[in-house]
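There are 2 protein chains.
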Amino acid sequence: MRKNPKHTSDAKQRLMDAGLDLFGKFSFDGASTRMLTNRAEVNLSAIQYYFGGKEGLYRQIVRSIAVEVGSLVKPRLNEIEIQLRENPSPEQGIELFCDLIDFLIGQFLGSPRTQKWLSIVVREQMEPTEAFDVLYDGFLGPIFDCCFRLVSAASGASENDPEVRVRTYALMGQLLTFHISRASIRRNLSWIDYGEDEVKAIRNTILGHVRTVLHGNGDR
Amino acid sequence: MRKNPKHTSDAKQRLMDAGLDLFGKFSFDGASTRMLTNRAEVNLSAIQYYFGGKEGLYRQIVRSIAVEVGSLVKPRLNEIEIQLRENPSPEQGIELFCDLIDFLIGQFLGSPRTQKWLSIVVREQMEPTEAFDVLYDGFLGPIFDCCFRLVSAASGASENDPEVRVRTYALMGQLLTFHISRASIRRNLSWIDYGEDEVKAIRNTILGHVRTVLHGNGDR
DNA sequence: CAATTTAAAACAAACGATTGACTTAATCAT
DNA sequence: ATGATTAAGTCAATCGTTTGTTTTAAATTG
Chain A
6 MRKNPKHTSD AKQRLMDAGL DLFGKFSFDG ASTRMLTNRA EVNLSAIQYY FGGKEGLYRQ
66 IVRSIAVEVG SLVKPRLNEI EIQLRENPSP EQGIELFCDL IDFLIGQFLG SPRTQKWLSI
126 VVREQMEPTE AFDVLYDGFL GPIFDCCFRL VSAASGASEN DPEVRVRTYA LMGQLLTFHI
186 SRASIRRNLS WIDYGEDEVK AIRNTILGHV RTVLHGNGDR
Chain B
6 MRKNPKHTSD AKQRLMDAGL DLFGKFSFDG ASTRMLTNRA EVNLSAIQYY FGGKEGLYRQ
66 IVRSIAVEVG SLVKPRLNEI EIQLRENPSP EQGIELFCDL IDFLIGQFLG SPRTQKWLSI
126 VVREQMEPTE AFDVLYDGFL GPIFDCCFRL VSAASGASEN DPEVRVRTYA LMGQLLTFHI
186 SRASIRRNLS WIDYGEDEVK AIRNTILGHV RTVLHGNGDR
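So the protein sequences, as listed, match chains A and B.
Here the numbering used here runs 5 ahead of the position in the first sequence, where the first position is 1.
Here the numbering used here runs 5 ahead of the position in the second sequence, where the first position is 1.
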């Protein structure tokens, strides 16, 4: 119908930005519609107008996270998938896994924008709503599937082996802590935030662990 | 005031049990006073009567977590502290650290009661209120301080070395994931819950990682 | 009876949602 | 081009509900 959408506004995007911030900080119940519209500097009824309600806004934000993170991560996963088809050696598998972790650390600990996503993702992990499926299908599942295959390639065991999967979760858990335990870490290391140096320190440590573990995985 | 304590009710305890469940599941804002009193099967006004309000109930619950977990964990930490005074070898440091992790896994992944605590603790970690200080002083701080010393003993570096602390957080992060990522893990491993076998598998993997990492910590 | 708990009703404030008036911009018949 | 029409977007006012809290009265206990 509309040929020239010149008349369209940015209220929609402003609400989604505000929601990403406030839902992340205060959770769904903790962020009220008035909070959201004040932060976005839009009228109270804009939420109903654009998203059909508070829940619709939340769903839309989660969907956009899934799409954005998915398209950020999937090209990298596809590259790895291709290299996995050529039956890489354990050594090569380890390095591919380390590259991926390196990439994920850079994306999710370094950048302030992707940090905001994580709070919502973690909340959905702890107490899943229907939104969790969107996140899982969008990028959580693909990332973990790829990790399983990489750890499998590095260790020789099947990617369906529960041991491989538990090992993968444990290794990936090293990343998660640095997002969740920010409050503790600030105290213990007197870091104000994760700057370039801090991310580098975290990256070195985690990659060191991953290499050590996967190289010596036969010693149990 | 109260002459005969036999007359005292269990309404107080029932409210705290309900709060532990519901605050953990739905967060502070998500759990309403009516939810809480219905679950506890007490009158609505009991929250004000016993705790001075919803926030008072939350504070009391957090305080009780801090005390209970603290008294559960501190004897173990003190034992370790004593053994640390005798300048243990790196090998001994590693085994002490593994014993502690083993203990923590058993307590926090195995037992359903302690699982409930973790949700509240994680929430406070991600977005700290004043309650975080109570938890930190009660057990989070002591646990991490002890872990720092153990990793220091295992690696030779100072316990104040940022590298030791980052390494410690990374290693401990392996535990945290298995609480937070329950939803993902259920899908990937088709585990219904963490039974005896599942905890054993997690324990073996994590302890294997810790030993491998701390034994080969010079290879970077 | 007197002191202490419970039960139910009522409270103001905040919640998410809805309404209808209003402005702005694109469309179309003349 | 002009003026009427329609659609898109904004806004203040207000809706009915639920929130946490308070009040009032009845019940229970020693």
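Ideal Cβ placement from N, Cα and C applies to all residues, glycine included.
Since the model is a prediction, treat every value here as computed from it, not as a measurement.
| Check | Outcome |
| --- | --- |
| C-alpha gap between R154(A) and E164(A), whole angstroms | 5 Å |
| Collapsed DSSP secondary structure at K8(A) in the structure displayed | Note that K8(A) scores 39 on pLDDT, short of 50, meaning its location in the model is unreliable and no value can be drawn from it. |
| Alpha helix (DSSP H) segments (min. 4 residues) lying fully within the stretch 137-223 of chain B | 146-160, 167-185, 187-194, 201-220 |
| Contact belief for I125(B) with L101(B) at Cβ below 8 Å, rounded distance in angstroms | In fact, because the Cβ distance is near 29 Å, the residues do not count as touching under 8 Å. |
| 8 Å Cβ cutoff, T193(B) in contact with chain A | Checking the sequence shown, residue 193(B) turns out to be Asn, not Thr. Cβ-Cβ to chain A under 8 Å: yes for N193(B). |
| Cβ neighbours of Q88(A) in the same chain (closer than 8 Å, five flanking residues each side left out) | Q97, L101 |
| Chain B contacts from the stretch 21-36 of chain A (Cβ-Cβ distance under 8 Å) | K30, F31, S32, F33, D34, G35 |
| Three-state secondary structure assigned by DSSP to P133(A) | coil |
| Buried or exposed by the 16-neighbour rule on C-beta atoms within 10 Å, applied to I197(A) | exposed |
| Rounded distance between the beta-carbons of L140(B) and I70(B), thought under 8 Å | 7 Å |
| Burial state of L82(A) (16 or more Cβ within 10 Å) | buried |
| Short CB-CB distance (under 8 Å) between D224(B) and chain A | Because the pLDDT of D224(B) is 46, which lies under 50, any placement of that residue in the model is unreliable, and the question is left without a value. |
| Q18(B) burial status per 10 Å Cβ neighbour count (16 or more: buried) | exposed |
| Test: N9(B) CB closer than 8 Å to a CB of chain A | Any answer about N9(B) is weak, because its pLDDT of 33 lies below 50 and its placement is not dependable; what the coordinates show is given next. Not an interface residue. |
| Identity of the residue in K30(B), S32(B), M40(B), F31(B) nearest L229(B) by Cα | Not covered by the structure: residue 229(B). The range shown for chain B is 6 to 225. |
| CA nearest to the CA of G143(A), picked from S37(A), I66(A), I52(A), T38(A) | I66(A) |
| Interface residues of the stretch 127-143 of chain A facing chain B [CB-CB below 9 Å] | V127, R128, E129, Q130, M131, E132, P133, F137, Y141 |
| A158(A) at chain B interface by Cβ criterion, 8 Å | no |
| Reference S116(A); option with closest CA among K30(A), G200(A), P133(A), G213(A) | G200(A) |
| Contact with chain B by T210(A), beta-carbon distance below 8 Å | yes |
| For R90(A), three-class secondary structure by DSSP | coil |
| Closer than 8 Å to chain A by CB, S116(B) | no |
| Exposure of Q130(B), with buried meaning 16 or more beta-carbon neighbours within 10 Å | buried |
| Inter-residue Cα distance where the pair is V74(B) and Q120(A) | 30 Å |
| Delimiting residues of the alpha helix (DSSP H) encompassing G115(B) | It is not in any alpha helix (DSSP H) - G115(B) carries neither H nor E in the DSSP assignment. |
| Pairwise C-alpha distance: L27(B) and E168(A) | 33 Å |
| Opening and closing residue of the alpha helix (DSSP H) in which A51(A) lies | 51-56 |
| Burial state of L25(A) (16 or more Cβ within 10 Å) | buried |
| Span of the alpha helix (DSSP H), counted from its first residue to its last, around N43(B) | 38-45 |
| Coarse secondary structure for D104(B), derived from DSSP in three states | helix |
| The alpha helix (DSSP H) enclosing S26(A), as first and last residue numbers | This sequence places Asp at residue 26(A); Ser is not what is there. That run of the alpha helix (DSSP H) goes 16-35. |
| Residue from F31(A), S160(A), A45(A) whose Cα sits closest to the Cα of R216(A) | S160(A) |
| Buried/exposed call for V171(B), threshold 16 Cβ in 10 Å | buried |
| Residue nearest to R192(A) in terms of C-alpha spacing, selected from V72(B), R68(B), P133(B) | P133(B) |
| Outcome for S57(B) when other beta-carbon atoms lying within 10 angstroms are tallied against a minimum of 16 | The sequence given here places Gly at residue 57(B); Ser does not occur at that position. That one is exposed. |
| Residues in the stretch 42-67 of chain B having any Cβ partner in chain A nearer than 9 Å | none |
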